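Student:
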Amino acid sequence: MIAPDVILGLYIPDQSLAESGSRMFRVIMAFFFLQGLIALPATYFQAIGKGGTATFLIVARQVLIFAPLVLFLPTFMDLDGVWLSLPMADVSIVVITTVLIGREIRALGEKGKDSG
157 MIAPDVILGL YIPDQSLAES GSRMFRVIMA FFFLQGLIAL PATYFQAIGK GGTATFLIVA
217 RQVLIFAPLV LFLPTFMDLD GVWLSLPMAD VSIVVITTVL IGREIRALGE KGKDSG
């Protein structure tokens with residue numbers, strides 16, 4: 157990411173704070189692409205009538221994974237723990253999503269074999 161300290165400086169008036177956050181801002185932005193890998197399968201599950209699974213994916217990321225991480229990691233990693241909790245939650249939910257989508261693809265394959 158180009159000039160994260162400048163971007164943070166637009167929102168944070170204290171320049172030293174913006175500079176200290178620029179390192180972790182890069183980390184968070186590096187994992188931002190995972191948002192699509194979270195939203196797309198949730199939309200897919202909603203579209204096929206599995207709203208419960210879609211809701212689980214979204215709620216699990218925020219409540220079951222992110223909230224405990226943001227509370228737990230700072231005890232060991234100080235402020236870096238707060239910053240790293242978001243990418244860690246995203247990676248965790250992408251792993252869970254991959255498992256759920258894999259099961260769905262296998263189930264669709266079985267239905268295709270049974271009907272063909």
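Note that our numbering has the sequence shown beginning at 157, numbered continuously upward.
Beta carbons: idealized from backbone N, C-alpha and C, even for Gly.
These numbers were taken from a predicted model, which means no experiment stands behind them.
Can you find the residues in the same chain that come closer than 6 Å, C-beta to C-beta, to PRO160, ignoring five residues on each side of it along the sequence?
Tutor: Here residue 160 is taken as the residue at index 4 of the sequence shown, counted from 1. Excluding positions up to five away in sequence, the list reads SER178, PHE181 and ARG182.
Student: GLN191 lies in the alpha helix (DSSP H); which residues open and close that run?
Tutor: Translated into the one-based positions of the sequence shown, residue 191 becomes position 35. Start and end: 190-203.
Student: Evaluate PRO169 with the Cβ neighbour count: other Cβ atoms within 10 Å of its Cβ, from every protein chain shown; 16 or more gives buried, anything less gives exposed.
Tutor: Here the question's residue 169 lines up with position 13 in the sequence shown. Looking at its Cβ environment, which holds fewer than 16 other Cβ atoms inside 10 Å, PRO169 is exposed.
Student: To the nearest angstrom, how far is it from the Cα of GLY268 to the Cα of ILE261?
Tutor: Position 112 of the sequence shown, counting from 1, holds the residue named residue 268. Position 105 of the sequence shown, counting from 1, holds the residue named residue 261. Their backbone Cα atoms lie some 10 Å apart in a straight line.
Student: Count the other CB atoms within 10 Å of the CB of SER172; is the residue buried (16 or more) or exposed (fewer)?
Tutor: One-based indexing of the sequence shown puts residue 172 at position 16. With fewer than 16 other Cβ atoms within 10 Å, it is exposed.
Student: Let me know if VAL250 comes out buried or exposed under the rule of 16 or more other beta-carbons within 10 Å of its beta-carbon.
Tutor: Working through the sequence shown from its first residue, we reach residue 250 at position 94. Counting Cβ neighbours within 10 Å, VAL250 comes out buried, since at least 16 surround it.
Student: Roughly how many angstroms lie between the CA atoms of ILE214 and LEU264, to the nearest whole one?
Tutor: Position 58 of the sequence shown, counted from the first residue, corresponds to residue 214. Position 108 of the sequence shown, counted from the first residue, corresponds to residue 264. About 23 Å.
Student: With DSSP as the reference, label ASP170 as helix, strand or coil.
Tutor: Locating residue 170 in the sequence shown gives position 14, counting from the first residue. Residue state, collapsed to three classes: coil.
Student: Comparing alpha-carbon positions, which option in THR211, LEU242 and VAL219 lies nearest PRO230?
Tutor: Reading the sequence shown from its first residue, position 74 is the one you call residue 230. Of THR211, LEU242 and VAL219, the residue nearest in Cα terms is LEU242.
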